[in-house]
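In what follows, a structure is listed as structure tokens, so that the remarks can point back to it.
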Amino acid sequence: MTTRISAPQEPATLHTGTRLRWRRSDPAPAGSPASCRWFVDVYSDYRDGLLDPDSRDRAKAHLAACSSCRRYDRVIRSGVSVLRADEAGFVDSTLAVTTVRYRAWELERREATALGPAGSGIATTGVVLIALLLGSFAWIPLAHPGAPEVEIAPVAAVAPPVEPMPAYSWSHRASALLPLRPAARLSAPAPVLQAGPVRVPLTPGVAAGVDPD
Amino acid sequence: MGQTSPILTGQRTTSQEQNKRLAELDDSQVVRRFLAGEEKAFAELVHRYDKRLQNFVYRTVGDRERAEDLIQETFVRVYRHLHRFDQSRKFSTWIYTIAGNLAKNELRNRSRNPLVLFQALVKNWEADFRPLEWEDPTTRPDDLYRKRFLRQKVNEAVAMLPEHHRVVFVLRELHGKTYEEIAEITGCNLGTVKSRLNRARNKFARIIAPMIE
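Just so you know, the protein sequences line up as chains A and B, in that order. Taking our numbering, the leading residue of the first sequence gets 30, the next gets one more, and so forth. Taking our numbering, the leading residue of the second sequence gets 14, the next gets one more, and so forth.
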């Protein structure tokens, strides 16, 4: 058993917002073949002439009988006609064909060049990276484990004698900045560096300047 | 003095005749001429679609200058890739698809850029404070104001539609595309196009209804 559900015969509500509630202003006329909701649902097809003849007749009959749906139709038609009238003077510029051709040519030229501006950047970065790698490799002593070592003789250095200086003097402006120290401590020369035999790995860079004999 | 060389006149006449002949051909024939090496055929295609596409793209992106850039880009693509165009299809659908995709990308990129909001605000401010233009001295100022106001509101109503509704609405109402063509341009199926168009019309009517008696 099938149940046929008829279209709701209630006033069409096209808008539920706050600005406008578009409702049917008059009750459905007696004998009206279609509801406003049905009309609004099929309106697009009706306007574009896509309804079958029966439905088209129903829509026409409804439009003739219902002032609200007539207004709906009128609003859309008027709005679209305003848009179309405005469309004529909408664009005032004309595209230059030569510009299009030039841009197309420019793009093709760029593509034809294997390494364009972007490609040259990549190549430069690659060269720099390779140079950095080679350079760092050459300067790492660990990279040459089998290199011969040379022995450097011990070195002892003594600081030169220093004249005792006054603890405090106003005569020289720079001396005012020096900290106060006892003069006796400055007078005694002290060794500042003393190194024993050192074994230095002989890298190619060192070997070039040092004769082991 | 002042007389044009007969050689030049002859060339101009030939050129004009060539333009006239191209203007009489349909799109597919013009495309074939271009692919056969006739450069003027491309100018004819630009002439045919420049303004139409600018209106379409402007309605979609809402920015005149950007729309012009996108149309230039569209024609560059057409120029470069016309040999790939399947000539069994309509050229207008193809070119609208390219322009529509570019406009869609533009909107997608724009949604990530906060500067656009500021530009839109400035643009609206300028429109609000623009003085009335006295095009016709016989028109009453209130009529003039009402017309301008209506035009502005109708344009705003289109701009207020969601992007996917707006594209369908503009293609149907202002460019007269069939449902099938719109489906191809937007990449949607027919049912989606129908429902979007119906909703767009409904929303459009709701927005402009208070301004139209």
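Ideal Cβ positions, reconstructed from N, Cα and C, are used throughout, including at glycine.
(request) Would you list the one or two residues that DSSP bridges to E193(B)? (result) Reading the second sequence from its first residue, position 180 is the one you call residue 193(B). Paired residue(s): none; E193(B) is not in a bridge.
(message) Measuring only the C-alpha atoms, how far is R159(B) from V167(B)?
(response) Residue numbering aside, residue 159(B) sits at position 146 when the second sequence is read from its first letter. Residue numbering aside, residue 167(B) sits at position 154 when the second sequence is read from its first letter. So the alpha carbons of these two residues sit roughly 12 Å apart.
(request) Could you tell me whether any Cβ in chain B is nearer than 7 Å to the Cβ of I105(A)? (result) Against the first sequence, residue 105(A) aligns to sequence position 76. Chain B contact via Cβ: present.
(message) Under DSSP, the alpha helix (DSSP H) around P82(A) begins and ends at which residues?
(response) Against the first sequence, residue 82(A) aligns to sequence position 53. That run of the alpha helix (DSSP H) goes P82 to A94.
(request) Could you check the C-alpha separation between L24(A) and A116(B) for me, to the nearest Å? (result) Residue coverage of chain A in this structure runs from 30 to 242, which leaves residue 24(A) outside it and unanswerable.
(request) Mind listing the chain B neighbours of S73(A)? Cutoff is C-beta to C-beta under 8 Å, in chain order. (result) The sequence position of residue 73(A) within the first sequence is 44, counting from 1. Near S73(A) (Cβ distances below 8 Å), the residues of chain B are K207, L210, N211 and R214.
(message) Suppose contacts are defined by Cβ-Cβ distances below 7 Å. Is V109(A) in contact with E186(B) by that definition?
(response) As a first step, residue 109(A) is located in the first sequence; it is residue number 80 there, counting from the start. As a first step, residue 186(B) is located in the second sequence; it is residue number 173 there, counting from the start. Yes, the pair counts as a contact, with Cβ atoms nearer than the cut-off.
(message) Less than 7 Å between the beta carbons of F69(B) and V183(B), yes or no?
(response) By 1-based counting over the second sequence, the position of residue 69(B) is 56. By 1-based counting over the second sequence, the position of residue 183(B) is 170. For F69(B) and V183(B), yes; Cβs fall inside 7 Å.
(request) Compare the C-beta of Y101(A) with all C-beta atoms of chain B and state if any pair is closer than 7 Å. (result) As a first step, residue 101(A) must be located in the first sequence, where it is residue number 72. True, the Cβ-Cβ gap to chain B drops below 7 Å.
(request) Compute the Euclidean distance between the alpha carbons of S124(B) and D74(A), then round it to the nearest angstrom. (result) Indexing the second sequence from 1 puts residue 124(B) at position 111. Indexing the first sequence from 1 puts residue 74(A) at position 45. Going from the Cα of S124(B) to the Cα of D74(A) covers about 34 Å.
(request) Below 8 Å CB to CB, which residues in the same chain sit around V74(B) once its five sequence neighbours on both sides are set aside? (result) Against the second sequence, residue 74(B) aligns to sequence position 61. Contacts found: A80, L83, A116, E119, L120 and R123.
(message) Going by DSSP, what residue range makes up the alpha helix (DSSP H) through C65(A)?
(response) One-based indexing of the first sequence puts residue 65(A) at position 36. Run containing C65(A): C65 to R76, per the alpha helix (DSSP H) assignment.
(request) Grab the span of the alpha helix (DSSP H) containing K64(B) for me, first residue to last. (result) Here residue 64(B) is taken as the residue at index 51 of the second sequence, counted from 1. Run containing K64(B): K53 to V74, per the alpha helix (DSSP H) assignment.
(request) Counting only the same chain and skipping the five closest in sequence on each side, list residues whose C-beta sits under 8 Å from that of F217(B). (result) By one-based count along the second sequence, residue 217(B) stands at place 204. A170, V171, L174 and F182, listed in sequence order.
(request) Taking G108(A) as the query, report the chain B residues whose CB atoms sit under 8 Å from its CB, ordered along the chain. (result) What you label residue 108(A) is simply residue 79 of the first sequence in a count that begins at 1. Within 8 Å Cβ-Cβ: V167, A170, F217, A218, I221 and I225.
(message) So Y92(B) contacts chain A; which residues on that side make the cut at Cβ distance below 7 Å?
(response) One-based indexing of the second sequence puts residue 92(B) at position 79. Those are V129, R130 and A133, listed as they occur along chain A.
(message) Please confirm whether E140(A) has its beta-carbon closer than 7 Å to some beta-carbon of chain B.
(response) Numbered from 1 along the first sequence, position 111 holds the residue referred to as residue 140(A). Closer than 7 Å: no.
(request) Could you pull out every residue in the same chain whose Cβ sits closer than 7 Å to the Cβ of L95(B), ignoring the five residues on either side in sequence? (result) On the second sequence, residue 95(B) is found 82 positions in, with the first residue counted as 1. So the qualifying residues of the chain are V44, F47 and L48.
(request) Kindly list the residues whose CB is nearer than 7 Å to the CB of H188(B), restricted to its own chain and excluding five residues on each side of it in sequence; keep chain order. (result) If you number the second sequence from 1, residue 188(B) lands on position 175. Answer for H188(B): R65 and F69, listed in chain order.
(message) Taking only three categories from DSSP, how would you classify S107(A)?
(response) Indexing the first sequence from 1 puts residue 107(A) at position 78. Of the three classes helix, strand and coil, the one that applies to S107(A) here is helix, per DSSP.
(message) What residue range does the alpha helix (DSSP H) around A141(A) cover?
(response) Numbered from 1 along the first sequence, position 112 holds the residue referred to as residue 141(A). Element bounds for A141(A): V126 to A141.
(message) Can you tell me whether E22(A) is buried or exposed? The criterion is at least 16 other CB atoms within 10 Å of its CB, across all chains shown.
(response) This structure cannot speak to residue 22(A), because chain A is shown only from 30 to 242.
(request) Look up S101(B) in the DSSP assignment and say whether it is helix, strand or coil. (result) Sequence index remark: in the second sequence, residue 101(B) carries index 88 (1-based). DSSP places S101(B) in coil when its eight states are reduced to three.
(message) Do V206(B) and A196(B) have their beta-carbon atoms positioned less than 7 Å apart in this structure?
(response) Counting from one through the second sequence, the residue named residue 196(B) turns up at place 183. Counting from one through the second sequence, the residue named residue 206(B) turns up at place 193. Yes, the Cβ-Cβ distance between A196(B) and V206(B) is below 7 Å.
(request) Pull up the CB-CB distance for V71(A) and L163(B), whole angstroms please, since I reckon it's below 8 Å. (result) As a first step, residue 71(A) is located in the first sequence; it is residue number 42 there, counting from the start. As a first step, residue 163(B) is located in the second sequence; it is residue number 150 there, counting from the start. About 28 Å separates the two Cβ atoms, so there is no contact after all.
(request) Consider the Cβ of L306(A): report whether some Cβ of chain B lies at a distance smaller than 7 Å. (result) Coverage of chain A is limited to positions 30 through 242, which leaves residue 306(A) absent and any answer about it impossible.
(message) Please report whether the beta-carbon of D115(A) lies at a distance below 7 Å from any beta-carbon of chain B.
(response) Residue mapping note: residue 115(A) aligns to position 86 of the first sequence, counting from 1. Yes, contact with chain B.
(message) Once DSSP output is grouped into helix, strand and coil, what is the label at A114(A)?
(response) In the first sequence, counting from the first residue as 1, residue 114(A) sits at position 85. In this structure, A114(A) counts as helix in the three-state DSSP scheme.
(request) Taking only beta-carbon positions, decide if F12(B) is within less than 7 Å of chain A. (result) The question about residue 12(B) has no answer, for chain B in this structure spans 14 to 226.
(request) Just confirm the distance between the C-beta atoms of R132(A) and V89(B), as a whole number of angstroms; I'd bet it's less than 8 Å. (result) Here the question's residue 132(A) lines up with position 103 in the first sequence. Here the question's residue 89(B) lines up with position 76 in the second sequence. With 8 Å as the limit, R132(A) and V89(B) qualify as a contact, their Cβ atoms being about 5 Å apart.
(request) Scan the segment 47-59 of chain B for residues whose Cβ lies nearer than 7 Å to a Cβ of chain A and list them as they occur along the chain. (result) F55, A56 and V59
(request) Could you check what DSSP says for R125(B) in three-state terms: helix, strand or coil? (result) On the second sequence, residue 125(B) is found 112 positions in, with the first residue counted as 1. Coil, per DSSP.
(message) I need the straight-line Cα distance from A222(B) to V126(A), nearest angstrom please.
(response) Counting from one through the second sequence, the residue named residue 222(B) turns up at place 209. Counting from one through the first sequence, the residue named residue 126(A) turns up at place 97. Taking the straight line joining both Cα atoms gives about 42 Å.
(message) List, in chain order, every chain A residue whose beta-carbon is nearer than 8 Å to that of Q85(B).
(response) Within the second sequence, residue 85(B) is the residue found at index 72, counting from 1. Within 8 Å Cβ-Cβ: L124, T128, V129 and R132.
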